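*Asks:* Here the working numbering runs 884 ahead of the position in the sequence shown, where the first position is 1.
Below you'll find the structure I mean.
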Amino acid sequence: MARDSPSCTVPYVPRTYRRTESTLCTFWTSPREAGEHLRHLRSWTVDAARFLSETLGFRPTRRLHVVSFQTNEEARRFLGREVPPTMALAPYAGDTHCLVAVQSADADARNDDPQRMRGILVHEIAHQLIAEKTGSTKRLGDANRLVRCSTWLNEGLAELLRFHFLRDMTRIEDTRAEFERAQDALTWRDVDHLLDDLDGGRRAAAFVRATGAVAWVAQDAGVAALFECLPAVDGAVVPSSVCAVSALRRARELLSLLERRRTDP
Ligand SMILES: [Zn+2]
């Protein structure tokens, strides 16, 4: 692991932070950070990235950067917005580089929980793989104008991959069953808006809905097939229709058909 400290061209990274290179990714940590934190962060990131590349069969070419803000004050200052001390996010996706931001144990002790952090890294790195796969770019606060994947599909797939990583099959079945039972009049566009509102009180419920929907679509063909066919699935769902099973039948049939063609041409 080589270490030097030239300033970073990726946005949101403090100029004073130290760069540590590995084959998989570039880490940015505060010079005041305990060395142990970097070792943990590196091992969690390797676990998360390996899981994703094995599960999805995808090798990204965009260079992954991971910044760990030492304090919540630094996270807020460099991201230019309020963020809870346990929050992680994927604030930047460019054509050649992308960034995942986490906070260290100094911001909140829960940021030192290995299983929690591995799961979070799976979710955030998944967003970066989805961005690359769909030719999307983004910057925090740009209203996802250049993201070519609906938010429900993007968040639902990232969260479903986190559950798979944690081997939490009960949670996958529960969210899918909850989606099947949903009776309200929320549209896919409504769910996208609830998810895009980082401070909104209904965001957690929207996550469950989106994850259940993605689990329902991928039930037969699997998550790798869904990742491979994201634009087709996205295009088969009408944003103004009600977020329910009826609107997803075409997408699931299409996904199964594409998967059969892909694996048995
Ligand atoms: Zn997310």
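For each residue, glycine too, the CB sits at the ideal point set by N, CA and C.
Predicted model only: the values in this text are computed from it and were never measured.
Since I believe S988 is in contact with F953 (beta carbons under 8 Å), could you give me their beta-carbon distance rounded to a whole number of angstroms?
*Replies:* At roughly 7 Å, the Cβ-Cβ gap stays under 8 Å, so F953 and S988 are in contact.
*Asks:* In whole angstroms, give me the CA-to-CA distance for V1075 and V1006.
*Replies:* If I take the Cα positions, the gap works out to 22 Å.
*Asks:* Taking the C-alpha atoms as reference points, what is the distance between T904 and F1063?
*Replies:* Straight-line Cα distance between these residues: approximately 42 Å.
*Asks:* Skipping 5 residues on each side, what residues in its chain have a beta carbon closer than 6 Å to that of L1045?
*Replies:* Cβ neighbours of L1045 beyond the five flanking positions: V1006 and A1010.
*Asks:* Straight-line CA distance for L1132 to D990?
*Replies:* Roughly 43 Å separates the two Cα atoms.
*Asks:* Taking 8 Å as the limit between beta carbons, can you name the residues of its chain near V1194, skipping five residues before and five after?
*Replies:* Residue numbering for the chain in the displayed model covers 885 to 1149; residue 1194 lies beyond these limits and cannot be assessed.
*Asks:* Per the DSSP calculation, C909 is bridged to which residue(s)?
*Replies:* In the DSSP output, where bridge partners are listed per residue, C909 has L948.
*Asks:* Grab the span of the beta strand (DSSP E) containing L983 for me, first residue to last.
*Replies:* Note, L983: beta strand (DSSP E), H981 to Q987.
*Asks:* Take A1097 and list the residues in its own chain whose beta-carbon comes closer than 7 Å to its own, dropping the five residues that flank it on each side.
*Replies:* So the list reads W1036, G1040, F1063, C1127 and L1132, once near-sequence residues are dropped.
*Asks:* Taking E1112 as the reference, which of V894, L1141 and L973 has the closest Cα?
*Replies:* Cα-wise, what sits closest to E1112 is L1141.
*Asks:* Leaving out five residues on either side along the sequence, give the residues of the same chain with a beta carbon under 7 Å from the beta carbon of P890.
*Replies:* Annotation note: pLDDT 49 at P890 (below 50); position unreliable, coordinate value reported separately. So the qualifying residues of the chain are R903.
*Asks:* Measure the alpha-carbon distance for W1100 versus A1135 and round it to whole angstroms.
*Replies:* C-alpha separation (whole angstroms): 10 Å.
*Asks:* I want to see whether chain C comes within less than 7 Å of R903, judged by CB atoms only; does it?
*Replies:* The displayed structure is made up of one protein chain only, and chain C is not part of it.
*Asks:* Does the distance between the C-beta of E1039 and the nearest non-hydrogen atom of ligand 1 fall short of 6 Å?
*Replies:* Checking every heavy atom of ligand 1 against the Cβ of E1039, one is found closer than 6 Å.
*Asks:* Going straight from the alpha carbon of K1022 to that of A1089, what length do you get?
*Replies:* Roughly 24 Å separates the two Cα atoms.
*Asks:* Tell me the rounded alpha-carbon separation between R916 and D992.
*Replies:* Distance between the alpha carbons of R916 and D992: 16 Å.
*Asks:* Taking the beta strand (DSSP E) that L1050 falls in, what are its first and last residues?
*Replies:* It is not in any beta strand (DSSP E) - L1050 carries neither H nor E in the DSSP assignment.
*Asks:* For the stretch 908-924 and the stretch 944-958, state whether three or more C-beta atom pairs, one from each stretch, are separated by less than 8 Å.
*Replies:* As far as the Cβ criterion goes, the stretch 908-924 touches the stretch 944-958, which means the pair count is three or higher.
*Asks:* Could you tell me the boundaries of the alpha helix (DSSP H) in which L1142 lies?
*Replies:* Where L1142 is concerned, the enclosing alpha helix (DSSP H) stretches over V1129 to T1147.
*Asks:* Please confirm whether V969 and A985 have their CB atoms less than 7 Å apart.
*Replies:* Residue identity differs from the one stated: residue 969 is Pro in this sequence, not Val. The answer is no: Cβ separation not under 7 Å.
*Asks:* Here's the rule: buried if 16 or more other CB atoms are within 10 angstroms of the residue's CB, otherwise exposed. What is S1130?
*Replies:* Exposed, because fewer than 16 other Cβ atoms sit within 10 Å of the Cβ of S1130.
*Asks:* Where R947 and Q1012 are concerned, what is the direct C-alpha to C-alpha distance, given to the nearest angstrom?
*Replies:* Those two C-alpha atoms are separated by around 10 Å.
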